[in-house]
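Below you'll find the structure, written out as structure tokens, and then a few comments.
In full-length UniProt numbering, the protein residues as written are 1 to 500.
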């Protein structure tokens, strides 16, 4: 059975996911069979595996870092918030239903057998399991039924490293407070602290590290510098949402919907040196982008109402009426239709008028579509007509079915089927396929068309192989962690485990 190491944090967005990914790459480089694991993940960014099961994207990134295919066992429970007080609950990649937060909290321990079945199965196939916690282990109101932080550490008998984000301030108080709010048994699992996202001269920091070690019997395992990495981030606090002021040839605007999901779909554009991606959440931020994207959302109807109320819908309609390109993905695609109907109360029921930019209608069904897809563009018109014949691959996760009023699908699947995965009407495009922009051919064609529209010369060397870029970033992350962390000590605590 594999040995384990667990990464917990003082707060969300402390850097747990990336530290976990970096350790997965390091251990793999060192010749070990490695798998990531997170018993319960809450995220709107999800992924469909080759066998059609749904999991969180953080564990996808970590699997890639470990040179593994994403496997739903790496994330047996996924919670996708549907409101401020409830989530869709996904167990072993399958939807089991929607639950209010209190109902899930009271009943989540029933899923421990499923968690341990997944964990034990992975442990039987690997040498090291790198476990990621969620939020903070010091949420004293949630500790009783915990299955993702100290509860998981106990089930896996795993030593724990606590990550604190110094960039947001208060890192010493948060590390000290986290330790002191644990009970005596839980404290025995804590084997070290990691200071993350440090900028400046470490000599100035060292007195604080010494004082912290005088206060609590936990060593500082390393100080990790602030890194600029282009690695998929599933966290809602992601810095990707901070509007960039960098000047660029091509301005791509993404509507920052309240329940935005799978915003990693647009990471490929950020790899183009001449392009800038910015996220907008108000009409005054709209301006005049070269391409407007409506992203996926966990609640299409509510987010469409939000766009209508805040004035963004009016800006979109004016923008599209001038012949500018609009691309909708998944929920954004559904918004482009004439109408959206919810007869089974999937999103609160009723019917709502869509943006009407595509002559099609969406009906929300009881069953979720979950599938991986590959194919070619076949009927793309307008500014992106050169996409025709270009191949794509990705995955679909949606409850709705969209049907057009008498015209052909923009996409054709590789198996020859005529599935309506996407439609085009003038310069308005929509698709259910997440990851459709990751193909270098597709990415290059879209960027080239945007350059041509502005009368600019396009330099094809600006394009990027997304997969090759990811590998370079994982190696860069691993290199930085090797420099920053006491890897000899980490291997030691993995080997020793936890003795109570």
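Note that the Cβ used here is the ideal one computed from N, Cα and C, for glycine as well.
In or out: residue 76 buried (at least 16 other Cβ within 10 Å) or exposed? Flag for residue 76 reads buried.
Tell me whether residue 110 is buried or exposed, calling it buried when 16 or more other Cβ atoms sit within 10 Å of its Cβ. Residue 110 comes out exposed.
Would you list the residues sitting across from residue 18 in a DSSP beta bridge? BP columns for residue 18 are empty, so no partner.
Is the beta carbon of residue 82 less than 8 Å from the beta carbon of residue 341? The Cβ atoms of residue 82 and residue 341 lie no closer than 8 Å to each other.
Are three or more beta carbon pairs between the stretch 349-358 and the stretch 375-395 nearer than 8 Å? Cβ pair count under 8 Å is below three, so no.
Buried versus exposed, by CB contacts within 10 Å (16 or more), residue 182: Burial check for residue 182: the Cβ neighbour count within 10 Å reaches 16 or more, so the residue is buried.
Per-residue DSSP class, three states only, for residue 34: Residue 34 falls in the strand class under three-state DSSP.
Rounded to a whole number of angstroms, what is the C-alpha to C-alpha distance between residue 216 and residue 423? Roughly 60 Å separates the two Cα atoms.
How big is the Cα-Cα spacing for residue 35 and residue 311? If you take the alpha carbons of residue 35 and residue 311, they lie about 46 Å apart.
Where do the ends of the beta strand (DSSP E) carrying residue 472 lie? Run containing residue 472: none in the beta strand (DSSP E); it sits in the alpha helix (DSSP H), 466-484.
Just tell me which of 500, 226 and 325 has its CA closest to the CA of residue 476. For residue 476, the nearest C-alpha among the options comes from 226.
Alpha carbon to alpha carbon, what distance is there between residue 360 and residue 546? As shown, the chain starts at 1 and ends at 500. That puts residue 546 outside it, with no answer to give.
Residue 198 bridges to which residues according to DSSP? In the DSSP secondary-structure assignment, residue 198 is bridged to 225.
Along the chain, where does the beta strand (DSSP E) that runs through residue 5 open and close? Counted as a single uninterrupted DSSP element, the beta strand (DSSP E) harbouring residue 5 occupies residues 3-9.
Within a Cβ cutoff of 8 Å, which residues of the same chain sit near residue 243, ignoring the five residues on either side of it in sequence? Confidence at residue 243 is low in this model, with a pLDDT of 49, below 50, so its placement is unreliable and the value that follows should be read with caution. Counting only Cβ-Cβ distances below 8 Å, and skipping sequence neighbours, we find 278, 279, 280 and 285.
Reference residue 427; option with closest CA among 434, 413 and 450: Out of 434, 413 and 450, 450 has the C-alpha closest to the C-alpha of residue 427.
Compare the C-alpha of residue 290 against each of 325, 168 and 267 and name the closest. Ranking the options by Cα distance to residue 290, first place goes to 325.
Neighbourhood of residue 435 by C-beta distance below 6 Å, restricted to the same chain and skipping five residues each side: Listed in chain order, the non-local C-beta contacts of residue 435 below 6 Å within the same chain comprise 394, local neighbours out to five positions each way being set aside.
So is residue 317 buried or exposed if we call it buried at 16+ other beta carbons inside 10 Å? Residue 317 is exposed by the Cβ-count criterion.
Confirm, please, whether the CB-CB distance from residue 8 to residue 160 is below 8 Å. The answer is yes: Cβ separation under 8 Å.
Quick one: using the 10 Å Cβ neighbour count with 16 as the cut-off for buried, is residue 447 buried or exposed? Counting other Cβ atoms within 10 Å of its Cβ, residue 447 reaches 16 or more and is therefore classed as buried.
Nearest residue (CA-CA) to residue 466, options 103, 492, 460 and 270: Just measuring C-alpha positions, the residue of 103, 492, 460 and 270 sitting nearest residue 466 is 270.
Using a 10 Å radius around the Cβ and a threshold of 16 neighbouring Cβ atoms, would you call residue 3 buried or exposed? With 16 or more other Cβ atoms within 10 Å, it is buried.
With DSSP as the reference, label residue 497 as helix, strand or coil. Residue 497 falls in the coil class under three-state DSSP.
Residue 342 - partner residues in DSSP beta bridges: Residue pairing from DSSP places residue 342 in a beta bridge opposite 350.
Report, in whole angstroms, the separation of the C-beta atoms of residue 396 and residue 433, which I expect to be a contact under 8 Å. Going by Cβ atoms, the distance from residue 396 to residue 433 rounds to 6 Å, so yes, they are a contact pair.
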